[in-house]
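Before any comments, here is the structure.
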Amino acid sequence: MDADPLLLGLARAHYGPTAAWVQADLADPSWIEALPETVHAAVSSTALHWMSRASLAELYRTLGARTAPGGVFADADHMPLADDRLNALADAVGAGRAERAGTTGREEWGAWWEAALADERLAPLRATARPLPEADSDGRAEHHHGSNLLTAAEHAELLRAAGYRSAGTLWQAGDDHLVVAVR
1 MDADPLLLGL
11 ARAHYGPTAA
21 WVQADLADPS
31 WIEALPETVH
41 AAVSSTALHW
51 MSRASLAELY
61 RTLGARTAPG
71 GVFADADHMP
81 LADDRLNALA
91 DAVGAGRAER
101 AGTTGREEWG
111 AWWEAALADE
121 RLAPLRATAR
131 PLPEADSDGR
141 AEHHHGSNLL
151 TAAEHAELLR
161 AAGYRSAGTL
171 WQAGDDHLVV
181 AVR
């Protein structure tokens, strides 16, 4: 599920019919209509950080109501640590890890979008893509930009409040977290 037809088109082209590809916007409450009545697993990766705390709490409640007992939710994302000194240390560790792996200087999300929108091979997908939103006065944009700055513990708290019985960090490396919840 994604709101952007360009990203969905790339997923379809790469993975084909191995999954159901659904265009829906999590900012629109009707997104839930794209799901089956019962969900056994829901997975997200670097896609929920743009939602406000209130919107994310509502998404978790809505999804939780459809999640089967024993069903799982997993979200992998960059989540800040609760302390500025630990965030600085995580940044330094992450930079060292990237240097050792030879992955420094990689294209950032904004630069990737500029290149994708300029690529003529993607013109059919680009023609239906929604425009990137403008940032508001706080520097936040409507979709996919900025961060709610919620920690992994805050995500787990929201998930438990949404009816998941267990929630917490299953894996972490610096500010990269995998938060998992079981209904």
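To convert, note that position 19 of the sequence shown is 19 in the UniProt record's numbering; the numbers rise steadily by one, no gaps. By construction, the Cβ of each residue, glycine as well, lies at the ideal position given by its N, Cα and C atoms. Remember, it's a predicted structure, so these values are computed and weren't measured experimentally.
So, with DSSP's three-state summary, where would you put residue i?
i, result
"G9", "helix"
"P69", "strand"
"T38", "coil"
"T18", "helix"
"L63", "helix"
"H78", "strand"
"S52", "coil"
How would you label residue i, buried or exposed, when you count the other beta carbons within 10 angstroms and need 16 or more for buried?
i, result
"R85", "exposed"
"V93", "exposed"
"R165", "exposed"
"G9", "buried"
"P80", "buried"
"T67", "buried"
"E134", "Caution applies to E134, whose pLDDT of 41 falls short of 50 and renders its modelled position unreliable; the value that the coordinates give is listed next. Result: exposed."
"L43", "Note on identity: in this sequence residue 43 is Val, with Leu being the wrong assignment. Per the 10 Å Cβ criterion, exposed."
"H177", "buried"
"H155", "buried"
"A181", "buried"
"D83", "exposed"
"D119", "exposed"
"R183", "buried"
Kindly identify the DSSP beta-bridge partner or partners of residue i.
i, result
"L89", "Bridge partners of L89: none, in fact."
"D2", "Q23"
"S147", "The partner list for S147 (beta bridge, DSSP) is empty, contrary to what the question assumes."
"S30", "S30 is not bridged to any residue."
Output the boundary residues of the alpha helix (DSSP H) element that contains residue i.
i, result
"D162", "Sequence check: residue 162 is Ala here, not Asp. No alpha helix (DSSP H) contains A162, which DSSP labels as neither H nor E."
"A181", "It is not in any alpha helix (DSSP H) - A181 instead sits in the beta strand (DSSP E) that spans D176 to V182."
"L117", "W109 to A118"
If you measure from the CB of residue i, is any heavy atom of the ligand MN nearer than 7 Å?
i, result
"D83", "No copy of the ligand MN appears in this structure; indeed no ligand is present at all."
Under DSSP, the beta strand (DSSP E) around residue i begins and ends at which residues?
i, result
"L125", "Taken as a continuous stretch (DSSP letters only), L125 belongs to no beta strand (DSSP E), being part of the alpha helix (DSSP H) at A123 to R126."
"A167", "S166 to A173"
Review point. How about the segment 149-159 and the segment 48-59: do they share at least three Cβ pairs that are nearer than 8 Å?
Key: They touch, by the three-pair rule.
Practice item. May I ask you to verify whether the segment 31-40 touches the segment 51-67, counting CB pairs closer than 8 Å and requiring at least 3? Key: The count of Cβ pairs closer than 8 Å, one atom from the segment 31-40 and one from the segment 51-67, reaches three, so the stretches are in contact.
Check your understanding: Is there contact between the segment 156-164 and the segment 87-106, where contact requires at least three CB pairs shorter than 8 Å?
Key -> no
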